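Just below is one structure, and these are the notes that go with it.
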Amino acid sequence: MTTPELPARTHLGRPRKIIDGLEKLVGRAPYVADQWLPGLLHARPVLSPYPHARIRGIDRTAALGVPGVHSVLLGADLNVKPMHSRPSLLLAGDTVVFAGQPVALILADTEAQAADAAALLDVDYEVLDAVEDAEAALSDGTLVWPQGVPKADGGMAGLHGGEAGAQAAREPSNVDEDRTFGRGDVDAALAGAAFTAGGSFRVSGVHQGYLEPHAVAAQPGARPGEVTVYTSTQGQYVVRSEVAGALGLRERDVHVVPLTVGGGFGAKYGIMDALVAAAALHAGQPVRLVLTRSEDMLTTMPAPAIDVTLRLGADADGTLTAVDADVRIENGAFRFGHGGIIATMLGGLYRCENVRVRTRELLLNRAPVGAYRAPGVPQALFALESAVDDLTRQLGADPLDWRLRHAVQAGDPMGTGRPWPDIGLRDCLEAARAHPLWQGRHDLPAHEGVGLAVGGWPGAFSPAGAVCRVDTDGTVRLHVGSVDISGVHSSMVLIAAETLGVDPDQVEIVQGTTDSGPYAPNSGGSQVTISLSGAVLDASTQVRDQLLELAARHFEAHRDDLELAGGQALVRGIPDRAIPIGKLAAQAQRAPGGPGPVVAEGRAALKAGAPGFIAHLVHVRVDPDTGTVTLRRSVAAQDVGFALNPLLVEGQIQGGSAQALGLGLLEGLDYAGGTLANPNFLEYAFPTSTDVPPLEALLVQRPSEHGPFGARIVGEPPITAGAAALANAVREAAGVRVTELPVTSEVVWRLRQEQARD
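No gaps in the numbering here: position 115 of the sequence shown is 115 in full-length UniProt numbering, and each next residue is one more.
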């Protein structure tokens, strides 16, 4: 998009603190758990302990006998439409298809009473055969959906820029999708290759690890079927659509009020909202549900476990000639759609004429999976970048130089065949090459190593609107419909301040609801900044023009002789001739037949995205006796185009780097007999402050022709390459290739023992 010419930048591109940091720090931010409504009932779900079972009967007597319990709701009480996804699933009917599926919902005066009643509910299950792993799914011996997969209205992968494949009409199978993306002749290229590398790689399923569990409150409205939903969500318009669709309501009767989000990372798109809304309408009273940590990990939508079998081929001079990958994605009980985005990156990171990526999306009797920051890409790139590292070792080539030689540029094809726009992958590699950690990698002590990997994300983009107005006291108010989960509103404030010549503290964000906010995209796929900033810029530019026209009349001067600065309109070169913008707004509102309020609605709709790429360096030490991996340092060089607020951009990169290292070294969902065995933060390991090494973010700024001010996407790329870089660092330090994540000390120790025997 074209960015209007503005005066020399005084706010954009400079670090500035987050606008809601203080209220979060002192506990004043409004979370769902703080929401109190007259007559509020507390909800507690009863979850199935079995991955697959028939419900033969439910005895509510004991649960209803607990003091304070108002009702025990079953599927027959609430379900009105067939389920097709996790958000559309209210309560089980006569069968459960995953351990953690809600079977009943208790409504009581207090959370303790609801929990007591839930423990007393007597459910008679007949346990059935379950599809517990990928091999069982591929055999089709037992089917998750014998009558066919419930048809979804759309793939939730699209919320993060992924692709959901077509739903083919075929015999029922646990292979929900089987697609192949490719170009050239892979078999011939591999047959003629002078060098090959690859193997089978596996990444465990992981949880998004947000601090605030899923939480939602709902209040019945005045009209039958009308409901207001207060929720912790990344996309209020998605919630409205999901609730209306699941309950058979008109969207106009579903009012969504987004509250502060205590972490999302792709997971919070209305999983429990329809259930709570249905309960509130049934009870005729407000209902609130805040999941416990264990409930959250059992019944929500984690990232899938993914297996990649990969083979690379190169000719005698080291040129990459073939990429051949077979990917199996364990989706759980419902379809999702990771395949397209995985293929995009697996077959589109390096120049290669012969590419084949087969993706199979598998159904299992497990909790349905969802998005987690760059869904599917960290797992896929662990396989690809490990194989690249091994290939360059065979070639005797410098791993960074080889990547530079093959790195895709504008016009090169993605794995799905579409061309890349202008991208900065090479710039990131050059920044990594110049860093002292890479320069000094050969001077480290024994048993230490530095690993390199690259990654990226194509990025989503959506139309957006924003309203800007100037009040009579000079306050600039921005009305937006986006949900701020990463500080994006703090950057929008800077755009308005820069455009209107005011201090950022003079700009306030008004968070709209689905009734009052201008349309904005979901806070996922790294799309909000590049999508919304154009609308904010458009609205504030229109307001700037209005203020200059008003000032021209006030001073009887030509508008080209005027400027906005310091919250005032001034005549250039004559400091005494100035008027506050609030006073101009007051004059405009009071003048009979005058121009009226200073307000404008901006719109933006990008024609293309602004992909972001990253080069990640990880420094580790491996204990030669125990195999324990200790993180020493992490450096991420990411192309951000133009950092609207460098402080927040660096924070995004550091946060994503920490998550990448957690995925690589610590995290993994442990399913035993189809049931999650570690549904809590005591047994599910993720990085804490004592585990995370110093995290350095290098901002590479290659402006995008599409992003406002040249900005690129930021949120997704930081997680994509860190785990692969960690694995390559372990290879450098310990001399063994790990093919499963997380990297455990036992696995490293065993690999070293095998190496010693050989």
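Ideal placement from N, C-alpha and C gives every residue a C-beta, glycine not left out. These figures come from a predicted structure and were not determined experimentally.
- For glycine 455, the beta-bridge partners assigned by DSSP are Ile614.
- For isoleucine 423, no alpha helix (DSSP H) encloses it, and the DSSP letter there is neither H nor E.
- Shortest Cα-Cα distance from arginine 752 to any of Pro742, Leu741, Ala733 involves Ala733.
- Inter-residue distance for leucine 247 and alanine 29 is about 30 Å (C-alpha atoms, whole angstroms).
- Here the alpha carbon of leucine 500 sits roughly 7 Å from the alpha carbon of serine 540.
- Closest in C-alpha terms to proline 213, from the list Ala267, Val243, Ala193, Gly182, comes Ala267.
- When C-beta atoms of the stretch 487–505 are compared with those of the stretch 371–380, fewer than three pairs fall below 8 Å, so the two segments do not count as touching.
- By the CB criterion at 7 Å, alanine 279 and leucine 429 fall outside the cutoff.
- The beta-carbon separation of glycine 182 and valine 357, rounded to 7 Å, stays under the 8 Å limit for a contact.
- By the C-beta density criterion, isoleucine 574 is exposed, having fewer than 16 other C-beta atoms within 10 angstroms.
- Secondary structure at isoleucine 653: helix, using DSSP grouped into helix, strand and coil.
- Distances from the CA of alanine 432 to each of Glu696, Cys468, Gln101 were compared; the closest alpha carbon is that of Glu696.
- For glutamate 330, the secondary structure class from DSSP, reduced to helix, strand or coil, is strand.
- Around glycine 262, the same chain offers Tyr31, Tyr210, Leu211, Glu212, Ser232 as residues with beta carbons nearer than 8 Å, after the five sequence neighbours per side are excluded.
- For tyrosine 125, the enclosing beta strand (DSSP E) covers residues 122–127.
- Under DSSP, alanine 218 forms a beta bridge with Val229, Val287.
- Per the Cβ contact rule, the stretch 526–544 is not in contact with the stretch 236–243 (fewer than 3 Cβ pairs under 8 Å).
- Residue pairing by DSSP places aspartate 639 opposite Val700 in a beta bridge.
- As a beta-bridge residue in DSSP terms, glycine 449 pairs with Val620.
- For the pair glycine 221 and valine 287, the Cα-to-Cα distance works out to about 13 Å.
- Bounds of the alpha helix (DSSP H) holding leucine 751 are 745–757.
- Minimum Cα-Cα distance from proline 49 among the listed residues Ala119, Ala112, Ala63 corresponds to Ala119.
- A residue is called buried when at least 16 other Cβ atoms come within 10 angstroms of its Cβ; valine 26 does not meet this threshold and is exposed.
- Taken through DSSP and simplified to helix, strand or coil, threonine 475 comes out as coil.
- Every alpha helix (DSSP H) stretch that sits fully inside the stretch 480–562 and reaches 4 residues is listed by chain position as 488–500, 528–555.
- Cα atoms of leucine 562 and leucine 550: separation of roughly 11 Å, rounded to the nearest angstrom.
- For the pair glycine 449 and leucine 349, the Cα-to-Cα distance works out to about 24 Å.
- When the beta-carbon positions are compared, leucine 41 and leucine 107 come within less than 7 Å of each other.
- Using a Cβ distance threshold of 7 Å, leucine 644 and serine 491 count as a contacting pair.
- Put simply, of Gly337, Ala725, Gly707, Glu177 the residue whose alpha carbon is nearest the alpha carbon of alanine 383 is Ala725.
- The beta carbon of valine 203 lies closer than 7 Å to those of Ala305, Ile306, Gln379, Phe382, Leu741 in the same chain, with the five residues before and after it left out.
- In this model, tyrosine 519 and glycine 481 are separated by some 5 Å (Cα to Cα).
- Taking C-alpha positions only, valine 308 is separated from glycine 337 by approximately 16 Å.
- If the five residues before and after arginine 469 are omitted, its C-beta is found closer than 8 Å to the C-beta atoms of Val476, Arg477, His479, Val543, Pro597, Val598, Val599, Ala600, all from its own chain and listed in chain order.
- Relative to arginine 632, the option among Ala605, Leu665, Pro611, Phe613 whose CA is nearest is Leu665.
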